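S.K.:
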Amino acid sequence: MSTPCSIFFFLLTTFENMIQFTNVTKRYPGGHQALSNVSFELKSGEMAFLTGHSGAGKSTLLKLITCIERPTAGQVMVNGKNLGKLGRRHVPAVRRQIGMIFQDHKLINERTVFDNVALPLVIAGLHNHQEIARRVRAALDKVGLLGKEKQYPVTLSSGEQQRVGIARAVVNKPALLLADEPTGNLDPDLAAEVMGLFGQFNQVGVTVLIVSHNIDLISRFRSRILHLENGGLV
Ligand code: ADP
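In this text, residue positions in the sequence shown follow our numbering: the first is -13, and each later residue adds one.
1. Could you give the DSSP three-state label for F(-5): helix, strand or coil?
2. Do S22 and the ligand ADP come close, with the Cβ less than 8 Å from some heavy atom?
3. Is any heavy atom in the ligand ADP found nearer than 8 Å to the beta carbon of A42?
4. For G85, which of R208, I152, M4, K44 has the nearest alpha-carbon?
5. Is there a Cβ from chain B that is less than 9 Å from the Cβ of E117?
6. Rounded to whole angstroms, what is the Cα-Cα separation between S143 and V150?
7. Does the separation of the CB atoms of T52 and A20 fall below 9 Å?
8. Taking buried to mean at least 16 other C-beta atoms within 10 Å of its own C-beta, is Q147 buried or exposed?
9. Beta carbon of N188, beta carbon of V180: below 9 Å?
10. Compute the Euclidean distance between the alpha carbons of G41 and M4, then round it to the nearest angstrom.
11. At the level of alpha carbons, what is the spacing between L50 and R13?
12. What's the C-alpha gap between V192 and R97?
13. Compute the Euclidean distance between the alpha carbons of E135 and E27, then round it to the nearest angstrom.
14. Please report the straight-line C-alpha distance between V62 and F1, rounded to a whole angstrom.
15. Between D90, R208, L172, which lies nearest to G185 when the distance is taken from Cα to Cα?
16. In terms of residues, what are the limits of the beta strand (DSSP E) holding A59?
17. So for N102, helix, strand or coil by DSSP?
18. How should V227 be labelled, buried or exposed, when 16 other C-beta atoms within 10 angstroms of its C-beta is the threshold for buried?
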């Protein structure tokens, strides 16, 4: 439940634009230009899709937002921070504001559902077991998996595994969710279910950017589509 205090804090720490790219070019060592002069903004609380063929530059764009890569030219702003000018020690704080979901969910198979979802909290330095348990259960509840804490990922269906990945992404209450082909391995019903979850998080104020090729699913949302071709937005 959001208290007036937490809503005030949310408004204080959230800028009008969650993501702003201004004339961003990314050239990899060896000279390959993955992004050319890309400019767009994603407003706080907005949900948008990112489409484009393989090699169009989608992953590079996500890597710039998560500080895995730095722009060769231009400016990348995330939640008010200019990432090109960010010192290395400030990168983890920016990453903590971002929940990332992958096509293959990247769960640790040797760890229980509970441990997988708790991981971002532990990495962020939370040690209070009761608080960790409370937050993990809240995240699992949001994705409809309460009660599965003790199971291992391999005992879950692919849709459930992806929902564990989503619980792990939201457990830290990020301001921004980035999903890289989150429904790529799911059948149409499960894919619709997972997309519905993103819609629900967006409805409570989380900014969402989803890389997807699933035009049928995308068309069910009234969200903006950013389309990349050969490193440029069209
Ligand atoms: P997408 O995610 O749309 O498939 P990418 O962002 O992965 O596209 O890649 C865009 C282009 O940049 C591709 O031509 C790819 O080969 C190139 N590229 C991606 N990563 C690297 C890298 N680390 N070094 C050199 N070239 C890269």
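For glycine and all other residues, C-beta sits at the position ideal for the given N, C-alpha and C.
Please read these numbers as outputs of a predicted model, since none were measured by experiment.
M.R.: Quick look at the numbers:
1. Residue numbering aside, residue -5 sits at position 9 when the sequence shown is read from its first letter. Low per-residue confidence applies at F(-5): pLDDT is 47, beneath 50, and the placement is therefore not dependable, though the value from the model is reported in the following sentence. Under the three-state reduction of DSSP output, F(-5) falls in the helix class.
2. Taking the first residue of the sequence shown as 1, we reach residue 22 at position 36. No, since every heavy atom of the ligand ADP falls outside the 8 Å radius drawn around the Cβ of S22.
3. Residue mapping note: residue 42 aligns to position 56 of the sequence shown, counting from 1. Checking the Cβ of A42 against the ligand ADP gives yes.
4. Working through the sequence shown from its first residue, we reach residue 85 at position 99. That would be I152, whose Cα lies nearest to the Cα of G85.
5. Note that chain B does not occur in the displayed structure, where there is just one protein chain.
6. Here residue 143 refers to the residue found at position 157 when the sequence shown is read from its first residue. Here residue 150 refers to the residue found at position 164 when the sequence shown is read from its first residue. If you draw a straight line from the Cα of S143 to the Cα of V150, it comes to about 11 Å.
7. Within the sequence shown, residue 52 is the residue found at index 66, counting from 1. Within the sequence shown, residue 20 is the residue found at index 34, counting from 1. With a cutoff of 9 Å on beta-carbon distance, T52 and A20 are scored as not near each other.
8. By 1-based counting over the sequence shown, the position of residue 147 is 161. Sixteen is the threshold: when 16 or more other Cβ atoms of the shown chains lie within 10 Å of the Cβ of Q147, as they do, the residue is buried.
9. For the purposes of this step, residue 188 is taken as the residue at position 202 of the sequence shown. For the purposes of this step, residue 180 is taken as the residue at position 194 of the sequence shown. Their beta carbons are not under 9 Å apart, which means N188 does not touch V180 by this criterion.
10. Working through the sequence shown from its first residue, we reach residue 41 at position 55. Working through the sequence shown from its first residue, we reach residue 4 at position 18. In this structure, the CA atom of G41 is about 25 Å from the CA atom of M4.
11. Position 64 of the sequence shown, counting from 1, holds the residue named residue 50. Position 27 of the sequence shown, counting from 1, holds the residue named residue 13. The straight-line gap separating the alpha-carbon atoms of L50 and R13 is approximately 12 Å.
12. Numbered from its first residue, the sequence shown carries residue 192 at position 206. Numbered from its first residue, the sequence shown carries residue 97 at position 111. Cα to Cα, the separation comes out at about 28 Å.
13. Along the sequence shown, one-based indexing puts residue 135 at 149. Along the sequence shown, one-based indexing puts residue 27 at 41. Their backbone Cα atoms lie some 38 Å apart in a straight line.
14. Residue 62 sits at position 76 when you count from the first residue of the sequence shown. Residue 1 sits at position 15 when you count from the first residue of the sequence shown. Straight-line Cα distance between these residues: approximately 14 Å.
15. Counting from one through the sequence shown, the residue named residue 185 turns up at place 199. Selected option, being the one with the closest Cα: R208.
16. By 1-based counting over the sequence shown, the position of residue 59 is 73. Per DSSP, A59 belongs to the beta strand (DSSP E) from 59 to 64.
17. Reading the sequence shown from its first residue, position 116 is the one you call residue 102. Looking at N102 - three-state DSSP - the assignment turns out to be helix.
18. One cannot answer for residue 227 here, as it falls past the ends of the chain, which runs -13 to 220.
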